[in-house]
Structure formats: C-alpha cells, structure tokens
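Here the structure is laid out as structure tokens; the discussion comes afterwards.
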Amino acid sequence: MRVFVTGASGHIGSAVVPELLGAGHEVVGLARSAQSAAAVEALGAQAYRADMADPDALREPAAGADAVVHLAFDHATLAAGDFPAAVRTDLAVVRALGDALAGGPGSGSGAQKTFVGIGLTPTGDPASDAAFQANPRSAVAREIVGFAERGVRPLLMAVPPVTHSARDRHGFIPMMIRVARERGVSGYVDEGANHWPAVHTEDLARLFRLALEKAPAGVPLIGAAEEGIEVRTIAEAIGRRLGLPTASIPAERAAEHFTGFQFAALDVVMPNASTRELLGWEPVGPGLLAELEDGHYFDAA
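Here this note's numbering is used: the first residue of the sequence shown is 138, the next is one more, and so on.
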C-alpha cells in the first residue's frame with residue numbers, strides 16, 4: 138500500500154512510519170519544514186513539503202495514496218489556548234484529505250481507499266456519546282465516519298492520553314515532571330484516584346499498522362495497553378525519581394498548581410479487549426511505571 142502520513146516526524150508518526158515501511162508499505166510523510174523533511178527521509182520515507190494551514194496542498198499526495206494516516210494536529214494553536222481554532226484547522230484538513238481519497242486515482246475501480254484518524258467512534262451508550270459530542274474534536278470524528286458514504290473506509294483510533302517512550306517530549310508525563318520540578322512537589326488532584334490509560338509508542342504504532350491492514354470500516358479501535366492507572370501512583374513514581382515529596386492538591390487549587398497543564402484531574406478508562414481480539418494485538422513494550430523507573434524521562438525533562 139502507498140500510505141500518506143501526516144505528522145510523520147512527530148511523536149507517534151516517527152514510530153508509525155518505520156512500522157509501515159517494515160511491513161512493506163510505501164510511505165509519503167507530510168513535512169512542513171526542511172528539518173521535518175530531513176527527519177522523514179531519515180526514517181526511509183519520501184517527504185512531501187506542505188503545511189496544514191493550506192489544506193488544498195495536501196490533496197495531491199492523498200489522491201495518489203491508497204490510504205491516509207492522519208496524525209498531525211495544530212498543537213501550537215492548542216497550546217495558545219484556542220482549542221476551537223485548532224479543531225477548525227483539523228476539520229479543514231480532514232475534509233481535503235477525504236475529498237482526495239474519494240475522488241483520487243483508483244476511485245471507482247474497486248480498490249477501496251482508507252482514512253485512519255485519531256478519535257472516538259460513537260458507542261450507542263447515551264452517557265458516553267454525550268461526553269463524546271461535547272468535545273469539539275467530535276466534529277472531526279463525525280466527518281471521518283461519514284467518509285464511508287463516499288466509498289472510503291474510515292477508521293478511528295482512540296489514543297490514550299499517555300503515550301510514552303523516549304520519543305515523548307510534550308505529553309502528560311513530561312508536563313507532570315515539569316510541574317513537579319517547578320513546584321517542588323509531585324502532585325495529584327484530591328485523592329488522585331482518577332485514571333489515565335497508557336500505551337508505549339511502539340505498541341501504538343504497531344496497532345495503527347494492524348488497523349490499516351485488517352480492521353473493518355467503522356469498528357471502534359482502542360489503543361490502550363494499560364486501561365487506566367491511578368494518577369496518584371504515577372505522581373508517586375515521579376516523586377521518587379525526582380527525590381520530591383508527593384502530595385494531594387485540592388481541586389480548587391489545581392488550576393493554579395498545574396499551570397499550563399489542564400488535564401491533571403482527567404479520569405478516563407479505556408477497555409481494550411475487543412481491539413486486542415479483533416487485530417491480534419498484544420503490547421510488548423514496557424508499561425508506564427516501568428518506563429518511569431527506567432529514568433529517561435528525567436534526563437530529557
């Protein structure tokens with residue numbers, strides 16, 4: 138398969154690209170700078186220079202591909218506090234990519250093209266789906282699911298909030314370590330009984346490849362290796378490695394304490410038995426706590 142990967146030089150993309158190449162696929166990776174292009178080419182893929190700010194520029198490589206794996210997101214706008222604007226950019230990109238897949242070479246020839254994105258598939262459970270609809274990114278997920286009506290196979294991967302490895306420089310764990318160093322205490326909100334699912338980056342990359350190769354259209358895909366780890370346990374592991382005390386931060390003080398990190402109180406559990414069974418996926422990378430004990434996060438933070 139010829140696969141166009143956005144975010145190819147990023148945290149997850151830099152693992153997905155070699156995973157696809159190793160399985161015999163041809164990969165074209167989106168690169169918005171010369172540095173990113175060099176990184177993509179170093180992975181063994183072809184680099185395509187363009188920017189998400191110009192969605193129309195992405196139509197050509199998508200039209201020439203059998204599949205798109207969309208991993209890029211406007212993180213700069215998100216970090217600036219304008220989540221809705223970042224979602225609008227993503228929606229425009231997804232629409233351009235979907236248009237290209239639906240109308241590109243090979244369309245109507247019997248060779249169905251595939252779009253793999255990050256997001257949640259509605260479950261039919263009213264409570265879960267209400268929470269899903271409340272997230273601005275649900276508009277992007279609905280757009281992707283709708284590609285099925287245009288002859289494109291849509292797949293949505295629910296990626297855990299903690300995707301960990303030496304590639305992780307800006308995720309939940311580096312942010313928790315930063316806050317702990319700045320505050321002199323490794324904190325958690327209230328009792329720290331909220332949960333974060335987790336997966337090693339290499340395991341997630343393999344799951345993306347398996348999904349592309351085998352998953353039926355529209356099936357919910359859950360990329361968690363660990364369904365939910367108590368945040369207090371994570372904070373304690375960070376505290377041990379930094380030689381700092383661990384402490385509860387009352388909910389009313391959390392926004393101030395965790396400045397720049399708004400997800401400390403997030404509570405998510407991601408059951409993954411159906412995905413493991415469907416795709417024969419068995420994670421082999423270290424778990425999050427083992428990786429924290431390994432220490433590389435503290436060298437890089």
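We put the beta carbon where it would ideally sit given N, CA and C, even for glycine.
Small disclaimer: the values here were computed from a predicted structure and weren't measured.
Secondary structure of Val316, DSSP reduced to three states: Counted from its first residue, the sequence shown places residue 316 at position 179. DSSP places Val316 in helix when its eight states are reduced to three.
Classify Lys250 as buried or exposed, calling it buried when 16 or more other Cβ atoms lie within 10 Å of its own Cβ. Counting from one through the sequence shown, the residue named residue 250 turns up at place 113. Buried: at least 16 other Cβ atoms inside 10 Å.
Under a Cβ-count criterion, where at least 16 other Cβ atoms within 10 Å of its own Cβ denotes burial, should Asp227 be classed as buried or exposed? Stepping through the sequence shown from its first residue, residue 227 is reached at position 90. So Asp227 ends up on the buried side.
What residues in its chain sit with their C-beta under 8 Å from that of Thr412, if we drop five residues either side in the sequence? Here residue 412 is taken as the residue at index 275 of the sequence shown, counted from 1. Excluding residues within five positions, the ones whose Cβ falls inside 8 Å are Leu344, Pro357, Leu358, Ile359, Gly360 and Trp418.
So, under 8 Å CB-CB, Asp193 and Ala233 are touching, yes? Tell me the CB distance rounded to an integer number of Å. Within the sequence shown, the letter at position 56 stands for residue 193. Within the sequence shown, the letter at position 96 stands for residue 233. With 8 Å as the limit, Asp193 and Ala233 qualify as a contact, their Cβ atoms being about 6 Å apart.
Ordered along the chain, which non-local residues of its own chain (more than five positions away) have a Cβ less than 6 Å from that of Ala152? On the sequence shown, position 15 is the one that residue 152 refers to. So the list reads Thr338, Glu339 and Ala342, once near-sequence residues are dropped.
So Met138 and Asp188 are in contact, right, with Cβ under 8 Å, and what is the actual spacing, rounded? Translated into positions along the sequence shown, residue 138 becomes position 1. Translated into positions along the sequence shown, residue 188 becomes position 51. Between Asp188 and Met138 the Cβ distance is about 25 Å, and since that is not below 8 Å, they are no contact.
Alpha carbons only, please: which of Arg274, Val230, Arg169 and Val231 is nearest the one belonging to Asp219? Position 82 of the sequence shown holds residue 219. Minimum Cα distance to Asp219 is reached at Arg274.
Please classify Pro420: is it buried, with 16 or more other beta-carbons within 10 angstroms of its beta-carbon, or exposed? To locate residue 420, count along the sequence shown from 1; it is residue 283. Under this definition Pro420 is a buried residue.
For Pro198, which residues of its own chain have a beta-carbon under 7 Å away from its beta-carbon, when the five flanking residues on both sides are left out? The residue you call residue 198 lines up with position 61 of the sequence shown. Around Pro198: Phe141, Val165 and Tyr185.
Taking DSSP as the reference, what is the three-state secondary structure of Gly166? Counted from its first residue, the sequence shown places residue 166 at position 29. Gly166 falls in the strand class under three-state DSSP.
Counted within 10 angstroms of its Cβ, other Cβ atoms place Arg306 as buried (16 or more) or exposed: Position 169 of the sequence shown, counting from 1, holds the residue named residue 306. Under this definition Arg306 is an exposed residue.
Thinking Ala200 and Ala168 are a contact (beta carbons under 8 Å), I'd like their distance in whole angstroms, please. Locating residue 200 in the sequence shown gives position 63, counting from the first residue. Locating residue 168 in the sequence shown gives position 31, counting from the first residue. So it is not a contact: roughly 18 Å between Cβ atoms.
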